[in-house]
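To keep things clear, I will list the structure first and then write my remarks on it.
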Amino acid sequence: MNSAYELAKVKYRELEVDTETAMKTLSETPISIHCWQGDDVSGFENAGEALSGGIQATGNYPGKARTPAELMADFEKAISLIGGRKRINLHACYAIFPPGEKADRDALEPEHFKKWVAFARKNDLGIDFNPTFFSHPMVRGGLTLSSPNEDVRAFWVRHGIACRRIAAYFAKELNTHSLCNVWIPDGFKDVPADRFTPRKTLQKSLDEIFAEKLDGVIDCVESKLFGVGVEAYTVGSSEFYLGYAASHEGVYDLMDSGHYHPTEVISDKIPAMLCHFDRIPLHVTRPIRWDSDHVVRLDDELKEIATELVRNGALQKALIGLDFFDASVNRVAAWIIGARNMQKALLFALLTPHKQLAALQRDGRWTELMARQEAMKVMPVGAVWDEFCRREGVGDDGEWLETVMRYEKDVLRKRTN
Ligand code: RNT
Ligand code: ZN
Numbered sequence: 117m118n119s120a121y122e123l124a125k126v127k128y129r130e131l132e133v134d135t136e137t138a139m140k141t142l143s144e145t146p147i148s149i150h151c152w153q154g155d156d157v158s159g160f161e162n163a164g165e166a167l168s169g170g171i172q173a174t175g176n177y178p179g180k181a182r183t184p185a186e187l188m189a190d191f192e193k194a195i196s197l198i199g200g201r202k203r204i205n206l207h208a209c210y211a212i213f214p215p216g217e218k219a220d221r222d223a224l225e226p227e228h229f230k231k232w233v234a235f236a237r238k239n240d241l242g243i244d245f246n247p248t249f250f251s252h253p254m255v256r257g258g259l260t261l262s263s264p265n266e267d268v269r270a271f272w273v274r275h276g277i278a279c280r281r282i283a284a285y286f287a288k289e290l291n292t293h294s295l296c297n298v299w300i301p302d303g304f305k306d307v308p309a310d311r312f313t314p315r316k317t318l319q320k321s322l323d324e325i326f327a328e329k330l331d332g333v334i335d336c337v338e339s340k341l342f343g344v345g346v347e348a349y350t351v352g353s354s355e356f357y358l359g360y361a362a363s364h365e366g367v368y369d370l371m372d373s374g375h376y377h378p379t380e381v382i383s384d385k386i387p388a389m390l391c392h393f394d395r396i397p398l399h400v401t402r403p404i405r406w407d408s409d410h411v412v413r414l415d416d417e418l419k420e421i422a423t424e425l426v427r428n429g430a431l432q433k434a435l436i437g438l439d440f441f442d443a444s445v446n447r448v449a450a451w452i453i454g455a456r457n458m459q460k461a462l463l464f465a466l467l468t469p470h471k472q473l474a475a476l477q478r479d480g481r482w483t484e485l486m487a488r489q490e491a492m493k494v495m496p497v498g499a500v501w502d503e504f505c506r507r508e509g510v511g512d513d514g515e516w517l518e519t520v521m522r523y524e525k526d527v528l529r530k531r532t533n
């Protein structure tokens, strides 16, 4: 126990906030960490397909993971420096095939992920999953599930079905749910002549994918505004998927914080969604001017997202996933910084006297509310954070970087890409 923490504890107690409860809740709130920060969304198929679908990883920092063993080692290094409960979020393109064997996306089987299950067991992780509807030759004219070409559409429907079964396998093997998230890149670069037909086609494809009832799978659909090269029109828009989720029991609308208009924020959408849905799946990322997937920083919107979850009692309903990929910095450090920032934002929210602040709003005491909200920003959250890290054995913010830099020198720099 350090004295800075003791002082912080007293200061928060004066506001009727219990730091011990806050740290316990933080420790129990799972963060699903995406595997794709480790290798710039490359995956293991080695089909020579570059990253496509309007998403981009930029930078060439040395040490990118090239094999399952390397990615797993890097991920383990990262999670050894992140406290609390963790999950791993996989993409279908991270299937692991026996030497000389390969299955195309529409023929993926649970056994292609058994090494990931062993990895998850070893590290006490649940697994979330994503079909990979991009970086593949069957993406034709930028389209997958909304394609007018029946061969193309049927191929991707089979992929979606295969992936849901793999998610069900994860849920069964690991005894925890598996979120299965459909995001497709489908859209057009320039002004379409028909916006309706692709959406009706997508609706039909989704109905086919979700037809089978599967235990333990939390089905999600992720909307988007635009992608690079797909600027004019996105088939899977926000209204399309929100309507789809609202009208299909068991399908949820996943909100990615980079997928809306630049001044639109998902923090405000969370309490709106809570009126209608019992689960709030999220992709937390940091868009700079566009859906750039920068490493998550402890900025105002991140704190606001965490605040909406905490003050509405929605931590149990939330499925917090991270989604950023920066190839210009140490990738292990990127994982750690992003995940720890998500947790810091949650801690900030957990250390806020929401009931008292809400009462000020209810009574119209806006001056006092503004003053108290601003005062919260300089409360000693850092001392509680350090104590949380100490108890979790993950090193405080002044400590972990040295471990990662040693790993970079000993392991990452020895990889020649
Ligand atoms: C793309 C979506 C999607 C991807 C991952 C790799 O804009 O955000 O979630 O980032 O599936
Ligand atoms: Zn996303």
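For the sequence shown, the working numbering assigns the number 117 to the initial residue and increments by one for each residue that follows.
The C-beta atom is built at its ideal place from N, Cα and C for all residues, glycine as well.
Is residue i buried or exposed, if buried means 16 or more other CB atoms sit within 10 Å of its CB?
i: isoleucine 204; result: buried
i: alanine 173; result: buried
i: histidine 377; result: exposed
i: leucine 123; result: exposed
i: glutamine 153; result: buried
i: alanine 208; result: buried
i: valine 333; result: buried
i: arginine 522; result: exposed
i: glutamine 459; result: buried
i: phenylalanine 312; result: exposed
i: glutamate 380; result: exposed
i: aspartate 306; result: exposed
i: isoleucine 195; result: buried
i: alanine 251; result: Reading off the sequence, residue 251 comes out as serine, not alanine. Serine 251 is buried by the Cβ-count criterion.
i: arginine 529; result: exposed
i: serine 321; result: buried
i: glutamate 518; result: exposed
List the endpoints of the continuous alpha helix (DSSP H) containing residue i.
i: phenylalanine 191; result: 184-195
i: leucine 206; result: That residue, leucine 206, is in no alpha helix (DSSP H); its beta strand (DSSP E) goes 202-207.
i: histidine 470; result: 470-478
i: tyrosine 210; result: Tyrosine 210 -> no alpha helix (DSSP H), and no H or E assigned at all.
i: methionine 389; result: 382-390
i: arginine 256; result: Looking at the DSSP string, arginine 256 is not in any alpha helix (DSSP H), and its letter there is neither H nor E.
i: valine 510; result: Element bounds for valine 510: n/a, residue is neither H nor E.
i: lysine 238; result: 230-239
i: threonine 379; result: Note, threonine 379: premise wrong, no alpha helix (DSSP H); not H, not E.
i: leucine 485; result: 482-492
i: tyrosine 177; result: From DSSP, tyrosine 177 is part of no alpha helix (DSSP H); its letter is neither H nor E.
i: serine 321; result: 312-325
i: methionine 521; result: 516-526
i: histidine 364; result: Neither: histidine 364 is in no alpha helix (DSSP H) and is coded neither H nor E.
i: valine 448; result: 447-466
i: threonine 423; result: 416-427
i: phenylalanine 271; result: 266-290
i: glutamate 130; result: 119-130
Tell me the residue span of the beta strand (DSSP E) that contains residue i.
i: methionine 371; result: 367-372
i: asparagine 333; result: Note on residue identity: the sequence assigns valine, not asparagine, to residue 333. Valine 333 -> beta strand (DSSP E) spans 333-338.
What does DSSP give as the partner residues of residue i in its beta bridges?
i: arginine 402; result: His410
i: serine 148; result: Arg203 and Gly437
i: cysteine 296; result: Phe245 and Asp335
i: glycine 303; result: Thr350
i: glycine 343; result: Val346
i: isoleucine 171; result: DSSP lists no partner for isoleucine 171.
i: isoleucine 396; result: Ala434
Just tell me which of the options has its CA closest to the CA of residue i.
i: leucine 485; options: Val497, His470 and Gly498; result: His470
i: phenylalanine 286; options: Pro387, Ser363, Ile452 and Gly242; result: Gly242
i: phenylalanine 326; options: His293, Val367 and Val344; result: Val367
i: arginine 531; options: Arg201, Val126, Pro146 and Leu187; result: Leu187
i: glycine 179; options: Gln472, Asn457 and Ala450; result: Ala450
i: glutamate 424; options: Thr401, Asp415, Ile382 and His410; result: Ile382
i: serine 119; options: Leu330, Phe304, Glu503 and Phe250; result: Glu503
i: glycine 199; options: Pro146, Leu473 and Ile171; result: Pro146
i: serine 294; options: Ala475, Gly343 and Leu330; result: Leu330
i: glycine 343; options: Pro253, Ala284, Trp406 and Phe191; result: Trp406
i: asparagine 291; options: Asp240, Leu370 and Ala309; result: Asp240
i: glutamate 225; options: Arg481, Tyr177, Ala283 and Ser353; result: Ala283
i: histidine 364; options: Val346, Phe393, Met371 and Asp372; result: Phe393
i: aspartate 369; options: Phe441, Lys340, Tyr349 and Met139; result: Lys340
i: alanine 421; options: Pro387, Asp439 and Val445; result: Per the sequence shown, the amino acid found at residue 421 is isoleucine instead of alanine. Nearest option by C-alpha distance: Pro387.
i: proline 403; options: Pro397, Met139 and Asp415; result: Asp415
i: arginine 427; options: Thr317, Ala138, Asp220 and Thr483; result: Ala138
key: Exercise answer, beta-carbon shell around ligand 2 heavy atoms below 5 Å   = Going by the Cβ distance cut-off, the answer is Asp372, His399 and Asp439.
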